[in-house]
Amino acid sequence: MVKYFAKRLGMTLAAMLAIILITFCLMHAVPGGPFTSDRKVTPEVEAALNEKYGLNDPLPVQFVNYLGGLLHGDLGPSYKYTGKTVNEFIVNGFPVSARLGAATILFVLLAALPMGILAAVKNGRWQDMGIMAVATVGVTIPSFVIASILIYLFSFKLGWLPTYGLDSWKGYILPVIALGGYSVSYLARLTRSSLLEVMGQDYIRTARAKGLSEFKVITRHALRNALLPVITVLGPTVANLLTGSFVVEKIFAIPGLGVHFVNSVSQRDYTTIMGVTVFYAAFLMAMVLVVDVFYCLIDPRIKYE
Amino acid sequence: MEDKWAPLEQSSEDREKIWRKNRTFAGDVWFRFRHKPTAIAGLVMILLLLLFSLLGPLFTPYSYADQNLRGVNIPPLMKVYEIPNGQRVYITQALKLLRVNSDNTLGEPLPFLREESGKSMSVFDCDGTELALYYGGGSYVVCDEQSGNIYSSGHVWNRTNLLGTDALGRDILARLMYGTRVSLAVAFVAVLVNLVIGILYGGLSGYLGGAADAVMMRIVDIISTIPLTLYVILIMVVLGPGLHSIIIALGTVYWVDMARVVRGQVLGLKQQEFVLAARTIGSSTKTILAQHLIPNAMGAILVTVTMLIPSAIFMEAFLGYLGIGLQPPLASLGTMCNDANANLRTSPYELFIPALVICLIMFAFNFVGDGLRDALDPKLKK
Chain E
1 MVKYFAKRLG MTLAAMLAII LITFCLMHAV PGGPFTSDRK VTPEVEAALN
51 EKYGLNDPLP VQFVNYLGGL LHGDLGPSYK YTGKTVNEFI VNGFPVSARL
101 GAATILFVLL AALPMGILAA VKNGRWQDMG IMAVATVGVT IPSFVIASIL
151 IYLFSFKLGW LPTYGLDSWK GYILPVIALG GYSVSYLARL TRSSLLEVMG
201 QDYIRTARAK GLSEFKVITR HALRNALLPV ITVLGPTVAN LLTGSFVVEK
251 IFAIPGLGVH FVNSVSQRDY TTIMGVTVFY AAFLMAMVLV VDVFYCLIDP
301 RIKYE
Chain S
1001 MEDKWAPLEQ SSEDREKIWR KNRTFAGDVW FRFRHKPTAI AGLVMILLLL
1051 LFSLLGPLFT PYSYADQNLR GVNIPPLMKV YEIPNGQRVY ITQALKLLRV
1101 NSDNTLGEPL PFLREESGKS MSVFDCDGTE LALYYGGGSY VVCDEQSGNI
1151 YSSGHVWNRT NLLGTDALGR DILARLMYGT RVSLAVAFVA VLVNLVIGIL
1201 YGGLSGYLGG AADAVMMRIV DIISTIPLTL YVILIMVVLG PGLHSIIIAL
1251 GTVYWVDMAR VVRGQVLGLK QQEFVLAART IGSSTKTILA QHLIPNAMGA
1301 ILVTVTMLIP SAIFMEAFLG YLGIGLQPPL ASLGTMCNDA NANLRTSPYE
1351 LFIPALVICL IMFAFNFVGD GLRDALDPKL KK
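Written as structure tokens, this is what we have:
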């Protein structure tokens, strides 16, 4: 088991290194230097800037320097905002995104699991049909469409909820629904099909035969196994929420990391793009690793190869 | 009368004959597919969308880039005012009056006479009748200048721009046709590129096995841990915005799933006797892969393709919405939604129309994918 985890950790580190390398190469493959812009810079100034940020060194040296910085948790300076570092962006933006993300995960779990369970228990009846219809619609509508429709309805037409910001609990409602809509639908479908499969197993019949109430059969026996596949997709779900937050943060004007990333992309702030990408990737891979480890711990049937 | 109780004539040939009509595998799949209403609905929807986006532009006088700044943000359902001399007028957002012809098309703007700023009115001339546009209240109305009586109003469908115009006065229907075409084309080409890379990579990996397979699959494992959205965005930054960049970005990123599917299929198939037989008669690796393994894996590949297309469309819309997709005046469904966001309060239809088309495309491909999966492999059906 330890060996398995060590292997997984090694894989993750290798992937991380690959990501840093690819990101670094991509950002240096961009035509023009980082200071090429509409505003003309005199050659002397450009040379001084290149010297200051070490851009005259050969690429491998730059890469090693960048890696060294990363090991110390230093993502380098921003090329567009003088005096700001990428670390500052992350320190300022990430907590906001994380709060939104945590609220969304909570909402996803609290909405998707009951929906899936209800649909499976009432299999084939109108409750099932209704929930599955909602879930099918949910996976086909992009988050920005959900967000815009919600804003139009609840902010413009009804005036109940704010259109931007996270100042009060009310501000969370619309972004959380827009961000979590896809995941709720996906997880509800998954919970339903997984629970249906488990309900057909012999040990469920045994549990019923010994006279347990249907409620106990489902909560004590069926759900424990049915929720395993749901846990597996939690990692990718986190990834979905994080990247989905690019759009949702933009629409609701939430000063999170996603908006920073999108802005740095349109402003071509290369160090920020690189730093935030590496940070996102590290965060996501750590989440996936944690979910995998957790999964192995709770399901003894999994063999560690 | 014939004896009904006479024994049937029996011949030894009939005994072995299969009386039921012979059905090919493809026929079988089609049989199962067409008995699923959602799958057929999806297929019809895809065909209609293709027709709409490919042939539609032939029937509209507008192109996706034609701007008409006189008539911006005109909705499909216009509010028109009936004025005493029998004419009808429409108030534009720029506080001008447009004549509405009897066939509900938009006509020329009315000549401006004078400004009555004390009364918050602009006065226009309509065939000798003076009309006042009152802009002091919550909503703009057309009234009589002297008495202030508001003329009666009603709603008519816009016959000039069937789905209205956007913030630059471009015809939404024309842009929608063009945008649907771009979105579908991006998705198809990107998926085609993925298909080729995925089949080559997965097929080779699965067929070679051993150390080559292990190395190739480790690489795939590493790539699949990378969040794809981030990479699509990075590639877009490097290549710059534009149609070909989107196709390259999407095409080089999604092949991982395809490679895994193909490898899994090939791995299972290559143990079977027909591959052994092919190898015995001396077929080369290329022949075995291309003639025996890939055709047998086609079912799973097809299902993956129909599932990849919606993700590619999703991603293209996502990039367009973030503003790093196509550049104006080109339109895609995502950029149309993005453009519409600024006017969401006054002109929600500009967002809802392309959003609806995105949803239709997603529905259609998801339904077809589900139907295809069930039809190709009934065992999977739950």
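Going down the list, the sequences are from chains E and S. Quick note on the working numbering: the first sequence kicks off at 1 and runs consecutively. Quick note on the working numbering: the second sequence kicks off at 1001 and runs consecutively. The beta carbon of each residue, even a glycine, is placed where N, CA and C say it ideally should be.
Between the C-alpha atoms of residue i and residue j, what's the straight-line distance to the nearest angstrom?
i, j, result
"residue 1233 (chain S)", "residue 265 (chain E)", "8 Å"
"residue 250 (chain E)", "residue 1178 (chain S)", "26 Å"
"residue 1194 (chain S)", "residue 293 (chain E)", "31 Å"
"residue 259 (chain E)", "residue 244 (chain E)", "11 Å"
"residue 300 (chain E)", "residue 210 (chain E)", "25 Å"
"residue 1098 (chain S)", "residue 1109 (chain S)", "4 Å"
"residue 1316 (chain S)", "residue 1187 (chain S)", "8 Å"
"residue 1051 (chain S)", "residue 58 (chain E)", "54 Å"
"residue 306 (chain E)", "residue 65 (chain E)", "Examination of residue 306 (chain E) is not possible in this model, given that chain E is present from 1 through 305 alone."
"residue 239 (chain E)", "residue 263 (chain E)", "20 Å"
"residue 1307 (chain S)", "residue 1319 (chain S)", "19 Å"
"residue 254 (chain E)", "residue 1291 (chain S)", "54 Å"
"residue 67 (chain E)", "residue 277 (chain E)", "14 Å"
"residue 1256 (chain S)", "residue 1285 (chain S)", "23 Å"
"residue 1273 (chain S)", "residue 28 (chain E)", "51 Å"
"residue 1045 (chain S)", "residue 1357 (chain S)", "11 Å"
"residue 184 (chain E)", "residue 1332 (chain S)", "27 Å"
"residue 1360 (chain S)", "residue 1367 (chain S)", "10 Å"
"residue 1088 (chain S)", "residue 151 (chain E)", "34 Å"
"residue 1212 (chain S)", "residue 1278 (chain S)", "22 Å"
"residue 285 (chain E)", "residue 1235 (chain S)", "20 Å"
"residue 1086 (chain S)", "residue 1101 (chain S)", "11 Å"
From this set, the options, which residue's C-alpha is nearest residue i's C-alpha?
i, options, result
"residue 195 (chain E)", "E:20, E:2, E:44 and E:120", "E:120"
"residue 69 (chain E)", "E:172, E:20 and E:175", "E:20"
"residue 275 (chain E)", "S:1230, S:1176 and S:1091", "S:1230"
"residue 197 (chain E)", "E:123, E:285 and E:50", "E:123"
"residue 1121 (chain S)", "S:1091, S:1068, S:1287 and S:1056", "S:1091"
"residue 25 (chain E)", "S:1238, S:1253, S:1344 and S:1296", "S:1238"
"residue 1167 (chain S)", "S:1350, S:1104 and S:1223", "S:1350"
"residue 1262 (chain S)", "S:1247, S:1208, S:1136 and S:1312", "S:1208"
"residue 1268 (chain S)", "S:1294, S:1150, S:1216 and S:1196", "S:1294"
"residue 1203 (chain S)", "S:1191, S:1192 and S:1216", "S:1216"
"residue 1191 (chain S)", "S:1303, S:1296, S:1205 and S:1151", "S:1303"
"residue 13 (chain E)", "S:1223, S:1282 and S:1205", "S:1223"
"residue 1079 (chain S)", "S:1197, S:1139 and S:1369", "S:1139"
"residue 190 (chain E)", "E:232, E:200, E:152 and E:52", "E:232"
"residue 1227 (chain S)", "E:208, E:287 and E:202", "E:287"
Please return the same chain residues whose Cβ sits closer than 6 Å to the Cβ of residue i, not counting the five positions on each side in sequence.
i, result
"residue 87 (chain E)", "75"
"residue 155 (chain E)", "161 and 163"
"residue 1068 (chain S)", "1169"
Output needed for residue i: all residues of its chain with C-beta closer than 7 Å, excluding positions within five of it in sequence on either side, in chain order.
i, result
"residue 1382 (chain S)", "Legend: pLDDT at residue 1382 (chain S) = 43, less than 50; position of this residue unreliable, no value from coordinates given."
"residue 1103 (chain S)", "1159"
Closer than 9 Å by beta-carbon distance: list the chain S residues that pair up with residue i, in chain order.
i, result
"residue 152 (chain E)", "1344, 1345, 1348, 1351 and 1352"
"residue 273 (chain E)", "1233, 1234 and 1237"
What residues from chain S crowd round residue i, counting only those whose CB sits closer than 8 Å?
i, result
"residue 280 (chain E)", "1227 and 1230"
"residue 288 (chain E)", "1225"
"residue 26 (chain E)", "1234, 1235, 1237 and 1238"
Taking 8 Å as the limit between beta carbons, can you name the residues of its chain near residue i, skipping five residues before and five after?
i, result
"residue 1113 (chain S)", "1123, 1124, 1125 and 1130"
"residue 1394 (chain S)", "What the structure shows of chain S is the stretch from 1001 to 1382, and residue 1394 (chain S) is not part of that stretch, so it cannot be assessed."
"residue 305 (chain E)", "With a pLDDT of only 49 at residue 305 (chain E), under the threshold of 50, the placement of this residue in the model should not be trusted, and no figure is reported."
"residue 1327 (chain S)", "1241 and 1242"
"residue 1075 (chain S)", "1158, 1164, 1347 and 1349"
"residue 270 (chain E)", "27, 30, 34 and 79"
Please list, in chain order, the chain E residues whose beta carbon lies closer than 7 Å to that of residue i.
i, result
"residue 1033 (chain S)", "Within 7 Å Cβ-Cβ: nothing; residue 1033 (chain S) doesn't reach chain E, min ~19 Å."
"residue 1221 (chain S)", "11"
"residue 1362 (chain S)", "140"
"residue 1254 (chain S)", "Near residue 1254 (chain S) there are no residues of chain E at all, since even the closest Cβ is about 15 Å away, more than 7 Å."
"residue 1059 (chain S)", "Those within 7 Å of residue 1059 (chain S) in chain E number zero; the least Cβ separation is about 27 Å."
List the residues of chain S that residue i touches, going by C-beta distances under 7 Å, in chain order.
i, result
"residue 284 (chain E)", "1227"
"residue 265 (chain E)", "1233, 1237 and 1324"
Could you name the residues of chain E that residue i contacts, counting a contact when the two beta carbons are closer than 8 Å?
i, result
"residue 1090 (chain S)", "Those within 8 Å of residue 1090 (chain S) in chain E number zero; the least Cβ separation is about 23 Å."
"residue 1355 (chain S)", "141, 142, 145, 148 and 149"
"residue 1259 (chain S)", "Here the premise fails: no neighbours, minimum Cβ distance about 16 Å."
Worksheet item: Which ranges would you report for the alpha helix (DSSP H) in the region 1296-1340 of chain S if only whole runs of at least 4 residues count?
Response: The qualifying runs are 1333-1340.
Worksheet item: Which runs of the beta strand (DSSP E), 3 residues or longer, sit entirely within the region 1092-1118 of chain S?
Response: 1097-1100, 1106-1109 and 1112-1116
Worksheet item: What are the complete alpha helix (DSSP H) segments, minimum 4 residues, inside the region 1239-1278 of chain S?
Response: 1243-1251 and 1255-1269
Item to complete: Return the chain-ordered ranges of every beta strand (DSSP E) run that is complete within the region 1022-1102 of chain S and spans a minimum of 3 residues.
Response: 1077-1082, 1088-1091 and 1097-1100
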